[in-house]
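Protein chains in written order, with my numbering: chain A, 1 to 817; chain B, 1001 to 1189.
Okay, structure first, notes after.
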């Protein structure tokens, strides 16, 4: 017996009729509260009355239901109850199992069902069944919707067996809808009709339809015919998303989330309103990640490889989603969704613009007909067909250089074997080719049997090299070599090179940003990796290198530059052996070693390595390519960090004309180089020159970027600093006083730049012989820095030192007074 | 169906119909029926040689307040020895009342009158006293009869004769539904 049955049975042994009635009702109240936490339960003055309810349930949705306790259930009495009170849609709670130590033989289940179903809203449930409808975290969305709403909207007979059957049908219905199985969905809907009132049954059906839709099923194939008002609309979809986000049971089918991500736009996601940070939301955001990353790519007007998956995170801020990429972030708010690159926080692009560009890059599906080897590519909007007679390599013709393929399929007779690429944009080369798809496809097959996987693998392998693909790396090797022979009939853009792996490094991204400003037709840098590949670099080498470099990238991202450095150095010897010192990949690794050396504290080594690297970079890329300029930027930076600001100034002074030549004088990077030059000359001791340079730079920055751009604010701050350093503390103080309100308004009071400006303002207030005010300003600043950075942070401690300094002076001033 | 079973069925039907009719009056809640909950303590009392039970029990809503009641139901189509059963019932009522010393009400509900010649006296204290005297050996351990208790009991005896057609002379389900709705919402119509 269930706990409830036993407890009611115990209560019924009491000698006082009124107390017994009260106790039994209390037990039922507790049970109902557990079954439906949203129900508001009222007791009436009646108990086991023929016409008056024992309890009345109200829901915040203004629904009401009456509960009648019954100690005996037989069809004759049940018919009376249906006749007398059926119109109120009652819950008849059968306590006969508790009332009778030796219960009489159960009435025929079928007969009871028939009687109780005579009215569409009458439900009969017993104490033993109730324990089976308690909500729990393992229930899926549909199961929870059915079981969790039984008290509010259940109907018909619900005994222990039938509740279990209903739960099973609901559980299966969810899976059936996600996997687009019409028979299971039909069965689930039939059960829902038996045990739910029509309004909730329609909701369940609608949810199954949405799951079907999100699961990839075509709307017209949904097995139930829906009335006209059952067409999917945005409000339904929003309700569905709310339900699914608040569902404690994660949906582990990644393909489901990817399909849902295809059909959910960010406006809809934002319109869901309050977002609960749930596992399912996380899964959807992960599924959306490739699209977002591609958006990022699209902003640069050309594709580039994207960061490891771990680099993406999402948070809820003010109930709205913020996606944090490695160097960008995306905010989704009702006031407009903005996509911004972190390096240029003021420069944002409406998300729909980015998304539109993204759509142009996506090849949704490539399907190959086994018999004819005909390939059909489906893009987001249009579909194009590509004829491939000899080799799948021709498939590459269907891709623009920018495209990514989401799914590859092989049609055998009427059956399609598919491989979906979970991370198509993540580990893939910028010039992902069909060969590479073929190489990974067998490992990515998710919806096929082992035999089917082998079949697809064999087909893709034979198409590449004329013999069965055995599933190891050797098949790819020769294909890659063939593909990288320029001029060959089968030549594609394949990059049998590890370069692509680090193309997302800051160096590459900066170069590409530069390219985006105006592609230079004379420097086809994208082909470099192909032409210089030496024979002997097998795919095994490449995979090993990719793995090692990926580990290094992750170590760096996780704040372990020392381990990253070790891994890069390991990779360098192999790359030198395979490609030589001047190869772009070797250059890239040498750059990363130099950079990591600096980040681990050895700025002098970083400087020396960049000095040695730059001649090879110049030879490889020539004077018009952005890379040599970017490497000189690093050289200047690490020269200064190594304690030679004069040397840094010298590097930047020579770099600026080249930047102006390659990018133009108004390019952001050109302005940044001028900024670096001015800073280093000041640090080299020439504050007046730094002041003058910043004055010129600020005028140009204001003209190009406007007064609110973060770079403008930073340069106003730096100008004031060097004005003060050049000897005019009072003017510097005044400049800071003018700029700080604007800075707080644009960047916020806790922004690092704002806090730094406040620090300098306080400093120059003191330097203007106002120690008392300097002390007050530093006191407030230290409080804020402790809150923002923590008390142990170097910036906080430096401000604390200055506070102590001005405190001592101000104390002396007070004493003097 | 043997005789015992048929009597049980009649008793059960009588209890159900009595409950329904009583509750249609709006004055009565029949909380328990021994045909539903079996031999329950709140319908059962001790006698010197074992126990006895009333058929139904519940709450009576009178103008003077709420009282607890017990009922004996006879779904019969003839006198069927009710005279003797009634006297024994009165003695049981006396025992139940004195056992807990509470102002219980007691209802004899029948579908056929009995002892018609004595009908006006069936609820009088003389009938109570005579019944207790007759059954005191089997029901009352105490040899002396409490005259006051007899008088109090006589004030709370109900003798109700129902008929099949009379049962229809009550508020309809629709009217009760309206009343129920109003009462449940706490609004007086």
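Backbone N, C-alpha and C fix where the C-beta goes; we use that ideal spot for every residue, glycine too.
Quick one: residues in its chain with C-beta nearer than 7 Å to the C-beta of residue 617 of chain A, no 5 flanking neighbours on either side, listed in chain order?
The residue you call residue 617 of chain A lines up with position 617 of the first chain. Hits under 7 Å: 587, 627, 628 and 631.
Could you round the C-beta distance between residue 1038 of chain B and residue 100 of chain A to whole angstroms and report it? I think they count as a contact, below 8 Å.
Counting from one through the second chain, the residue named residue 1038 of chain B turns up at place 38. Counting from one through the first chain, the residue named residue 100 of chain A turns up at place 100. 6 Å between Cβ atoms; contact.
In terms of alpha-carbon separation, which member of A:60, A:159 and A:142 lies closest to residue 91 of chain A?
Residue mapping note: residue 91 of chain A aligns to position 91 of the first chain, counting from 1. The shortest Cα separation from residue 91 of chain A among A:60, A:159 and A:142 belongs to A:159.
Measuring CA to CA, which of A:575, A:566, A:611 and A:590 is closest to residue 600 of chain A?
Stepping through the first chain from its first residue, residue 600 of chain A is reached at position 600. Residue A:566 is the option with its Cα nearest to residue 600 of chain A.
Do the CB positions of residue 1010 of chain B and residue 1075 of chain B come within less than 8 Å of each other?
Numbered from its first residue, the second chain carries residue 1010 of chain B at position 10. Numbered from its first residue, the second chain carries residue 1075 of chain B at position 75. Pairing residue 1010 of chain B with residue 1075 of chain B gives a Cβ-Cβ distance under 8 Å.
First and last residue of the alpha helix (DSSP H) that includes residue 121 of chain A?
For the purposes of this step, residue 121 of chain A is identified with residue 121 of the first chain, where counting begins at 1. That residue, residue 121 of chain A, is in no alpha helix (DSSP H); it is neither H nor E in DSSP.
For the stretch 598-674 of chain A, list the alpha helix (DSSP H) runs that are entirely contained and at least 4 residues long, ordered along the chain.
603-621, 626-641 and 645-662
Compile a chain-ordered list of the residues in the stretch 123-134 of chain A whose CB is closer than 8 Å to at least one CB of chain B.
none
By the three-class DSSP mapping on this structure, what secondary structure does residue 157 of chain A have?
What you label residue 157 of chain A is simply residue 157 of the first chain in a count that begins at 1. Residue 157 of chain A: strand per DSSP, three-state reduction.
Which stretch, first to last residue, makes up the beta strand (DSSP E) that contains residue 874 of chain A?
No answer is possible for residue 874 of chain A: it lies beyond the span of chain A, which begins at 1 and ends at 817.
Environment of residue 738 of chain A [buried if 16+ CB atoms lie within 10 Å]
Here residue 738 of chain A corresponds to residue number 738 of the first chain, with the count starting at 1. Exposed, since its Cβ has fewer than 16 Cβ neighbours within 10 Å.
CA-to-CA distance, residue 561 of chain A to residue 568 of chain A, given in whole angstroms:
Working through the first chain from its first residue, we reach residue 568 of chain A at position 568. Working through the first chain from its first residue, we reach residue 561 of chain A at position 561. Each residue's Cα considered, the two are about 10 Å apart.
Looking only at its chain, what residues have a beta carbon closer than 7 Å to the beta carbon of residue 95 of chain A, apart from the 5 residues adjacent to it on each side?
For the purposes of this step, residue 95 of chain A is taken as the residue at position 95 of the first chain. Excluding residues within five positions, the ones whose Cβ falls inside 7 Å are 8, 69, 70, 71 and 127.
Going by beta carbon distance, what residues of the same chain come within less than 7 Å of residue 799 of chain A, once the five residues before and after it are set aside?
Sequence index remark: in the first chain, residue 799 of chain A carries index 799 (1-based). Taken in chain order, the residues that qualify are 759, 778, 781, 782 and 785.
Got a sec: which bits of the stretch 53-66 of chain A sit with their beta carbon under 8 Å from any beta carbon on chain B, in order along the chain?
53, 56 and 66
For a test of the three-state rule: what should DSSP assign to residue 1059 of chain B, helix, strand or coil?
In the second chain, residue 1059 of chain B corresponds to position 59, counting from 1. Three-state result, residue 1059 of chain B: strand.
Give me the chain A residues within the contact set of residue 1042 of chain B, using Cβ-Cβ distance strictly less than 7 Å, ordered along the chain.
Here residue 1042 of chain B corresponds to residue number 42 of the second chain, with the count starting at 1. In chain order, 15, 16, 17 and 20 make up the part of chain A whose C-beta sits under 7 Å from the C-beta of residue 1042 of chain B.
Compare the Cα-Cα distances from residue 1160 of chain B to each of B:1145, B:1123 and B:1100 and report the closest residue.
Looking up residue 1160 of chain B in the second chain gives position 160. The residue with the shortest Cα to Cα distance from residue 1160 of chain B is B:1123.
Limits of the alpha helix (DSSP H) - the one that residue 742 of chain A falls within:
Indexing the first chain from 1 puts residue 742 of chain A at position 742. Residues 729-747.
Whole angstroms are fine: how far does the CA of residue 755 of chain A sit from the CA of residue 733 of chain A?
One-based indexing of the first chain puts residue 733 of chain A at position 733. One-based indexing of the first chain puts residue 755 of chain A at position 755. Roughly 15 Å separates the two Cα atoms.
DSSP beta-bridge partners of residue 1071 of chain B
Against the second chain, residue 1071 of chain B aligns to sequence position 71. The partner list for residue 1071 of chain B (beta bridge, DSSP) reads B:1056 and B:1107.
Taking only beta-carbon atoms, is residue 84 of chain A less than 8 Å away from chain B?
Along the first chain, one-based indexing puts residue 84 of chain A at 84. At least one chain B Cβ lies under 8 Å of residue 84 of chain A.
Whole alpha helix (DSSP H) runs in the stretch 1136-1187 of chain B with 4 or more residues, listed along the chain?
1147-1155 and 1173-1184
Find the nearest neighbour of residue 818 of chain A within the set A:246, A:285 and A:243, judged by alpha-carbon distance.
Since the displayed chain A opens at 1 and closes at 817, residue 818 of chain A lies outside it and no answer follows.
So with Cβ pairs under 8 Å, would you call residue 1032 of chain B a contact of chain A?
As a working mapping, residue 1032 of chain B is identified with position 32 in the second chain. At least one chain A Cβ lies under 8 Å of residue 1032 of chain B.
Examine chain A for any beta-carbon lying closer than 8 Å to the beta-carbon of residue 1182 of chain B, and answer yes or no.
Working through the second chain from its first residue, we reach residue 1182 of chain B at position 182. No, no contact with chain A.
Buried or exposed: where does residue 396 of chain A fall if 16 or more other Cβ atoms within 10 Å of its Cβ makes it buried?
Mapped onto the first chain, residue 396 of chain A falls at position 396. For residue 396 of chain A, the predicted model reports a pLDDT of 42, less than 50, meaning its position is unreliable; a value from the coordinates is still stated below. Residue 396 of chain A comes out buried.
Below 8 Å, can you find three or more Cβ-Cβ pairs linking the stretch 1058-1066 of chain B to the stretch 1076-1096 of chain B?
Verdict: no, contact absent.
So, for residue 1083 of chain B: in the same chain, excluding its five sequence neighbours on each side, which residues have a beta-carbon less than 6 Å away from its beta-carbon?
Here residue 1083 of chain B corresponds to residue number 83 of the second chain, with the count starting at 1. If the five residues before and after residue 1083 of chain B are omitted, its C-beta is found closer than 6 Å to the C-beta atoms of 1114 and 1115, all from its own chain and listed in chain order.
Looking at residue 724 of chain A and residue 764 of chain A, is the spacing between their C-beta atoms short of 8 Å?
Here the question's residue 764 of chain A lines up with position 764 in the first chain. Here the question's residue 724 of chain A lines up with position 724 in the first chain. Taking the C-beta atoms as reference points, residue 724 of chain A is found nearer than 8 Å to residue 764 of chain A.
Using only alpha-carbon positions, find the residue among B:1044, B:1112 and B:1090 that is nearest to residue 1129 of chain B.
Translated into positions along the second chain, residue 1129 of chain B becomes position 129. Looking from the CA of residue 1129 of chain B, the closest CA among B:1044, B:1112 and B:1090 belongs to B:1090.
Going by C-alpha to C-alpha distance, which of B:1137, B:1067 and B:1086 sits closest to residue 1103 of chain B?
One-based indexing of the second chain puts residue 1103 of chain B at position 103. Cα-wise, what sits closest to residue 1103 of chain B is B:1067.
Identify which residue in A:153, A:268 and A:646 has its Cα closest to the Cα of residue 62 of chain A.
One-based indexing of the first chain puts residue 62 of chain A at position 62. Closest by alpha carbon: A:153.
Output yes or no for whether 8 Å exceeds the beta carbon distance between residue 215 of chain A and residue 189 of chain A.
Here residue 215 of chain A refers to the residue found at position 215 when the first chain is read from its first residue. Here residue 189 of chain A refers to the residue found at position 189 when the first chain is read from its first residue. The answer is no: Cβ separation not under 8 Å.
Sufficient close CB pairs (3 or more, under 8 Å) joining the stretch 10-18 of chain A to the stretch 133-148 of chain A
No: fewer than three Cβ pairs fall under 8 Å.
Less than 8 Å between the beta carbons of residue 775 of chain A and residue 810 of chain A, yes or no?
Here residue 775 of chain A refers to the residue found at position 775 of the first chain. Here residue 810 of chain A refers to the residue found at position 810 of the first chain. Going by C-beta atoms, residue 775 of chain A is nearer than 8 Å to residue 810 of chain A.
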